[in-house]
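In what follows, a single structure is set out as structure tokens and then discussed.
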Amino acid sequence: MSESEILYSLRHVTKAYDRRTVVNIPALDIQRGEILALVGPSGAGKSTLLRLLNFLEPPTSGQIALDDFTLSGTPPPLDITRRVTTVFQRPILLNRSVMENVAYGLHLRGQRRVQSVVMAELARVGLSALAHAHARSLSGGEQQRVALARALAIRPTVLLLDEPTANLDPGNVALIEDIIRGVNREQGVTIVLVTHNVFQARRLAHRTAVMLDGNIIEIGDTDTLFTTPTDPRTGAFLRGEMVY
Amino acid sequence: MRDIINGFIQAIELIFRADPTLYQIVVRSLALSGVSLFISALIGIPLGAWIGFKKFAGRGLVTVILYTGMGLPPVVVGLIVYLMLSRTGPFGNLGWLFTLKAMIVAQVIISFPLVAGFTMAAVMGLDPQLSQQIRALGATPWQTALTMLREARTGVIVSVVAGFGAIISEVGSVMMVGGNIAGRTRVLTTAIVLETQKGNFDLAMALGIILLGLTFIANTLILWMQEGRFVRK
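And the structure:
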């Protein structure tokens, strides 16, 4: 992996709450334009790692670098944090219309003429007809698509997805997976996807990392990892066995 | 019952007669409550939001103090403000006793804990992940706070309604620190007390009906705000 291909670089990153370490990553590089899936059982530290990557929380120790910026102590500048955004498992929409929700991130950036961008993103997620509806009147799947449109409207360099299709019906899952593939392929958006669904990781991700107890126990090309895992715990997890 | 009916009739007469003394009292009451509420909101909304947002040591104690403040007896507030502003009190040199300024101080002390307490409860009732989602979309700390407040707007407006309700109808403290001086510190509530003591029940009832009417109009306006006629949803 050449230097210019590396977007994120994590070195000796730990995160602890009340002296309990939930993330411990000696080294992790995330390539520009890749889809990296983080899989692992609940409590493995996947969502915490996403929060660290979005600079929502500082690491307890270690360094996180995004391009030229290295986080070490002081909070990151706005132009860095605004390059990254997250779509959470449960869509958290504002008590406003669908349009206003999608425009929200753009308004935060001082943009006022956002109609065309908002409508384009709504068209992408198939919700143009519901632009004026109240966001909270939508179904769960529609709300998640609004959350995705809102994240994409700000043209992020990095899109972090925390179980974005959990609890959704197969139709919405397929639609959201298509959108994820599309923005990655067409716009080169780097995507880090947390999922419990190993099949989804296999469908979408270029590389997959398996997390257990805050550690990345194995990372590699998705196809290779699924066919010939080197760590026995990875093999067990991918077969659906209980892993501790 | 006759006093109530006569009060209604007299209230209508008073309103249409455009009695200058009555109008002066009404305007003074509204101005006093308006200014007090404005100051209370200016202190109470940010304070309540801050306590609601921030997790800090002693937040439980601060919350209990605030809740206690929400139930402050107005006469006790009046007494304390009176002692503070009396000539021998620590702020006696201001010369505010028996002026509208003293009445504003008392009303702010009564209403700001209500505004802060209800705002805090409204903010604490928001989705715990909301702040994280807002920040993940690139909001600065200020933008996060403003968005959170806007999301909690129903509760924030309730806090203002509660604050307004507490002071527009309040008589104990304004009587003590204002003195009910005709043409200077007499407001609707103190005028009602005075007319009742004089045995003018019709007039007292009429003033009461006007006070109720004003409160109804003020709350209707606030409700319109809550429903988004003034504030965009």
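Chains as they are written, first to last, in our numbering: chain A, 1 to 244; chain B, 1001 to 1233.
Heads up, the beta-carbon is just placed ideally off N, CA and C, and yes, glycines get one too.
If you're wondering where the values come from, they're calculated on a predicted model, not measured in any experiment.
Cut-off 8 Å between Cβ atoms - residues of its own chain near B/T1099, not counting five sequence neighbours on either side = Hits under 8 Å: G1178, R1184, T1185.
Are at least three pairs of beta-carbons, each pair with one atom in the segment 96 to 108 of chain A and one in the segment 66 to 78 of chain A, less than 8 Å apart?
-> The segment 96 to 108 of chain A is not in contact with the segment 66 to 78 of chain A.
Assign A/R20 to buried or exposed, taking buried as 16 or more other Cβ atoms, counted over all protein chains shown, within 10 Å of its Cβ.
-> Result: exposed.
Is the Cβ of B/Q1010 closer than 8 Å to any Cβ of chain A?
-> B/Q1010 does not count as touching chain A.
Range covered by the beta strand (DSSP E) that runs through A/M211 | It spans 207 to 212 - the beta strand (DSSP E) in which A/M211 sits, taken as one unbroken run.
So, helix, strand or coil for B/S1169, using DSSP?
-> DSSP places B/S1169 outside both helix and strand once states are collapsed to three, so it counts as coil.
What does a CB cutoff of less than 7 Å around B/V1161 pick up in its chain, not counting 5 residues either side in sequence?
-> Cβ neighbours of B/V1161 beyond the five flanking positions: N1219, I1222.
Please name the residues in the segment 1102 to 1129 of chain B whose beta-carbon is closer than 8 Å to at least one beta-carbon of chain A, in chain order.
-> Against chain A - using a Cβ distance shorter than 8 Å - the residues of the segment 1102 to 1129 of chain B are D1127, Q1129.
For B/G1052, decide whether its Cβ has a neighbour in chain A, counting only Cβ atoms nearer than 8 Å.
-> Not an interface residue.
8 Å Cβ cutoff, B/A1049 in contact with chain A = No, B/A1049 lies away from the interface with chain A (no Cβ there is under 8 Å from its Cβ).
Closer than 8 Å to chain B by CB, A/D184 | Checking the displayed sequence, the identity of residue 184 of chain A turns out to be Asn instead of Asp. False, the Cβ-Cβ gap to chain B never drops below 8 Å.
From the DSSP output, in three-state form, read off A/S61 for me.
-> A/S61: strand per DSSP, three-state reduction.
Cβ of B/L1126 versus every heavy atom of the ligand MN: is any distance shorter than 7 Å?
-> Judged by which ligands are present, the structure shown has none, so any question about the ligand MN falls away.
Could you tell me the distance, in whole angstroms, from the CA atom of A/H206 to the CA atom of B/Q1129?
-> Cα-Cα distance, rounded: 29 Å.
Cβ neighbour criterion (16 or more within 10 Å) applied to A/P229 | Under this definition A/P229 is a buried residue.
Could you tell me which chain A residues have their CB closer than 7 Å to the CB of B/G1155, listed as they occur along the chain?
-> Result: empty, since nearest Cβ-Cβ is about 12 Å, beyond 7 Å.
Where does the unbroken alpha helix (DSSP H) through A/P170 begin, and where does it stop?
-> Counting along the chain, the unbroken alpha helix (DSSP H) around A/P170 starts and ends at 170 to 187.
With a Cβ-Cβ cutoff of 8 Å, do A/I6 and A/N184 count as a contact?
-> Judged by their CB atoms, A/I6 and A/N184 are not nearer to each other than the 8 Å cut-off.
Cutoff 8 Å: B/A1136 Cβ touching any chain A Cβ | So yes, B/A1136 belongs to the interface.
Please classify B/V1231: does DSSP put it in a helix, a strand, or coil?
-> Because B/V1231 sits at a pLDDT of 47, beneath the cut-off of 50, its placement in the model cannot be relied upon, and the following sentence gives the value as read from the coordinates. In the structure shown, B/V1231 sits in coil (DSSP, three-state: anything other than H, G, I, E or B).
Which partner residues does B/V1161 have in the DSSP bridge list?
-> Its beta-bridge partners do not exist; DSSP assigns none.
Opposing strand residues paired with A/I191 [DSSP bridges] = DSSP, once it has assigned bridges, lists A/I35, A/L159 as partnering A/I191.
Taking the continuous beta strand (DSSP E) assigned at A/G220, which residues delimit it?
-> Element bounds for A/G220: 215 to 221.
Is B/N1200 helix, strand or coil by DSSP?
-> The answer is coil: DSSP assigns B/N1200 none of H, G, I, E or B.
Between which two residues does the alpha helix (DSSP H) harbouring B/T1021 extend?
-> It spans 1020 to 1053 - the alpha helix (DSSP H) in which B/T1021 sits, taken as one unbroken run.
When the Cα atoms are used, what is the spatial distance from B/N1093 to B/T1119?
-> Near 35 Å, if we compare the C-alpha coordinates of B/T1119 and B/N1093.
With a 10 Å radius around its C-beta and 16 neighbouring C-beta atoms as the bar for buried, classify B/R1232 as buried or exposed.
-> The predicted position of B/R1232 is uncertain, since its pLDDT is 46 and thus under 50; a value taken from the coordinates is nonetheless stated next. Classified as exposed, B/R1232 has fewer than 16 neighbouring CB atoms from the shown chains inside 10 Å of its CB.
Looking at C-alpha atoms only, which residue of B/R1150, B/G1117, B/P1046, B/V1171 is the closest neighbour of B/G1078?
-> Ranking the options by Cα distance to B/G1078, first place goes to B/V1171.
At 7 Å on the CB atoms, spell out the chain A contacts of B/Q1133, in chain order.
-> Here the neighbours are F88, I92.
Taking the Cβ atom as the reference point for each residue, do B/A1102 and B/L1114 lie within a distance shorter than 8 Å?
-> Contact flag unset, no.
When you compare only the Cα positions, how much space is there between B/N1180 and B/V1193?
-> If you draw a straight line from the Cα of B/N1180 to the Cα of B/V1193, it comes to about 10 Å.
Given 8 Å, three or more beta-carbon pairs between the segment 122 to 129 of chain A and the segment 1146 to 1161 of chain B | Counting Cβ pairs under 8 Å, fewer than three are found: no touch.
Members of the segment 53 to 68 of chain A near chain B, C-beta cut-off 7 Å = For the segment 53 to 68 of chain A, residues whose beta-carbon sits nearer than 7 Å to a beta-carbon of chain B comprise N54, L56.
With distances taken Cα to Cα, identify the nearest neighbour of B/S1173 among B/A1049, B/V1081, B/G1007, B/T1021.
-> The shortest Cα separation from B/S1173 among B/A1049, B/V1081, B/G1007, B/T1021 belongs to B/V1081.
Between A/L212 and A/G62, is the Cβ-Cβ spacing less than 8 Å?
-> Contact: no.
Which residues, in chain order, does the segment 1052 to 1070 of chain B contribute to contact with chain A at a C-beta distance below 9 Å?
-> Those residues of the segment 1052 to 1070 of chain B that come within reach of chain A (Cβ to Cβ, closer than 9 Å) do not exist; the list is empty.
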